[in-house]
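S.K.:
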Amino acid sequence: MKLKLHLWELDPQGFHPVIKATLYGQPVWMLVDTGANHICFDRTFIESVCLEDAAEIARDDVNVAIGGEIDVHISKVNGLKIGNMRFPDLLARLLDLQQVNEMYEQVGFKPIRGILGGDFLKGHRAVIDYATQTLILHR
């Protein structure tokens, strides 16, 4: 499946690739981050749309990020749809994306509700084509 890859320019030297998705029926933006280990969602958003899926299965012991420690929960998320593909029972990390979203809002972008990390991208044999601004995902 081919998806439009949007490049959000944060400053003249850098940008973040994002895609549109649907999470529990609501349109959302998701960051495409090859440097992130796992697919992640904003815990506050998940709690607001589906408290049941915000239930913690486990904690992630590897919870250190640039700038310090973060509180990471592991949960199953059932409401993700990207293009015409649905992704039930995603084992995902839930964390607070407030600081990230404050940065996006300062430069005029909408908040992101999730991050497509390496596990998801590898699992769906993702291809990022910057020339055509396309993200390709396979089943």
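According to our numbering, the sequence shown is numbered sequentially starting from 20. Here a beta-carbon is modelled for each residue, glycine too, at the ideal position from N, C-alpha and C. In this text, all values refer to a predicted model and were calculated from it rather than measured experimentally.
(1) Are at least three pairs of beta-carbons, each pair with one atom in the region 140–154 and one in the region 61–69, less than 8 Å apart?
(2) Roughly how many whole angstroms lie between the Cα atoms of D115 and A150?
(3) Go ahead and label M122 buried or exposed: buried means 16 or more other beta carbons lie within 10 angstroms of its beta carbon, across all protein chains shown.
(4) Does G98 come out as helix, strand or coil in the three-state DSSP assignment?
(5) Could you tell me the boundaries of the beta strand (DSSP E) in which D61 lies?
(6) As a quick exercise: from W27, Q152, G133, V146, pick the residue whose alpha carbon is nearest that of Q45.
(7) Could you give the first and the last residue of the continuous alpha helix (DSSP H) run that contains D138?
M.R.: With the structure as the only source:
(1) no
(2) As a first step, residue 115 is located in the sequence shown; it is residue number 96 there, counting from the start. As a first step, residue 150 is located in the sequence shown; it is residue number 131 there, counting from the start. One C-alpha to the other measures close to 32 Å.
(3) In the sequence shown, the residue the question calls residue 122 occupies position 103. Under this definition M122 is an exposed residue.
(4) Mapped onto the sequence shown, residue 98 falls at position 79. In the structure shown, G98 sits in coil (DSSP, three-state: anything other than H, G, I, E or B).
(5) The residue you call residue 61 lines up with position 42 of the sequence shown. Segment 59–61, the beta strand (DSSP E) holding D61.
(6) Counting from one through the sequence shown, the residue named residue 45 turns up at place 26. The residue with the shortest Cα to Cα distance from Q45 is G133.
(7) Indexing the sequence shown from 1 puts residue 138 at position 119. Segment 137–142, the alpha helix (DSSP H) holding D138.
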